[in-house]
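Working notes for the structure below.
Numbering (the numbering used here), first residue to last: 7 to 185.
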């Protein structure tokens with residue numbers, strides 16, 4: 007292994023706790039009560055496993071809770087729309103038989119989260135996959151890179167937050183020229 011970068015973070019974030027609730031008239035209202043505490047650990051490792059294979063792997067584990075609230079039923083609950091686990095792996099492999107050509111792929115996971123402040127409605131976790139094909143060359147003495155990327159390869163329906171869906175399959179092609 008010729009290069010390895012390991013990063014980590016211990017953190018504690020406090021912010022206002024906001025949640026949706028249906029009032030007595032049937033209207034959806036956004037309330038703010040208490041403090042969300044996000045306390046966790048994140049670790050990421052990046053490096054070349056072989057001459058042709060670069061890997062990024064990482065994860066986050068959080069302890070989530072609502073504190074300092076005037077509503078006793080919220081105290082100690084998990085905030086809405088936040089997953090307590092995240093994980094990722096991304097691989098980039100340079101094909102040795104075609105100089106400049108590489109293929110990449112990634113898997114990204116987020117754990118369950120709660121839709122409601124009472125923590126009765128769970129939103130399932132999800133894993134999505136990405137795939138890419140890349141070609142770097144020179145044209146008229148200028149470096150040129152062609153990229154074809156597919157995000158959410160399996161076109162999975164998933165919740166990015168408690169109120170928004172994740173992106174559907176997305177195909178992107180780009181060309182970068184160094185002038």
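Even for Gly, the Cβ is constructed at its ideal location relative to N, Cα and C.
Taking only three categories from DSSP, how would you classify residue 80?
helix
Can you tell me whether residue 102 is buried or exposed? The criterion is at least 16 other CB atoms within 10 Å of its CB, across all chains shown.
exposed
Can you list, in chain order, the residues of its chain whose CB lies under 7 Å from that of residue 148, leaving out five sequence neighbours each side?
183, 184 and 185
Check whether the Cβ atoms of residue 152 and residue 109 lie closer than 8 Å to each other.
No, these two residues do not count as a Cβ contact at 8 Å.
Restricting to Cα atoms, I'd like to know which of 145, 39 and 133 is closest to residue 174.
133
Applying the criterion that 16 or more other CB atoms from any shown protein chain within 10 Å of the CB defines a buried residue, is residue 80 buried or exposed?
buried
Buried or exposed, going by whether 16 or more other CB atoms sit within 10 Å of the CB of residue 85?
buried
Please state whether DSSP places residue 185 in a helix, a strand or coil.
coil
Beta-carbon separation (whole angstroms), residue 193 vs residue 36, contact threshold 8 Å
Examination of residue 193 is not possible in this model, given that the chain is present from 7 through 185 alone.
What are the start and end residues of the beta strand (DSSP E) that includes residue 95?
Counting along the chain, residue 95 sits inside the beta strand (DSSP E) bounded by residues 91 to 100.
Expressed to the nearest angstrom, what Euclidean distance is found between the alpha-carbon atoms of residue 45 and residue 127?
22 Å
What residue range is occupied by the uninterrupted beta strand (DSSP E) comprising residue 161?
Residue 161 -> no beta strand (DSSP E), and no H or E assigned at all.
Look at the Cβ atom of residue 89, then the Cβ atom of residue 119, and state whether they are nearer than 8 Å.
yes
Can you name, in chain order, every residue of its own chain whose Cβ lies under 6 Å from the Cβ of residue 19, other than the five neighbours on each side?
44
Pick from 140, 78 and 156: whose alpha carbon is nearest that of residue 150?
140
Over what stretch of residues does the beta strand (DSSP E) that includes residue 62 continue unbroken?
59 to 73
Option nearest residue 60 by Cα separation, candidates 97, 164 and 170:
97
Residue nearest to residue 16 in terms of C-alpha spacing, selected from 41, 66 and 30
66
Burial state of residue 40, where buried means 16 or more other Cβ atoms lie within 10 Å:
That one is buried.
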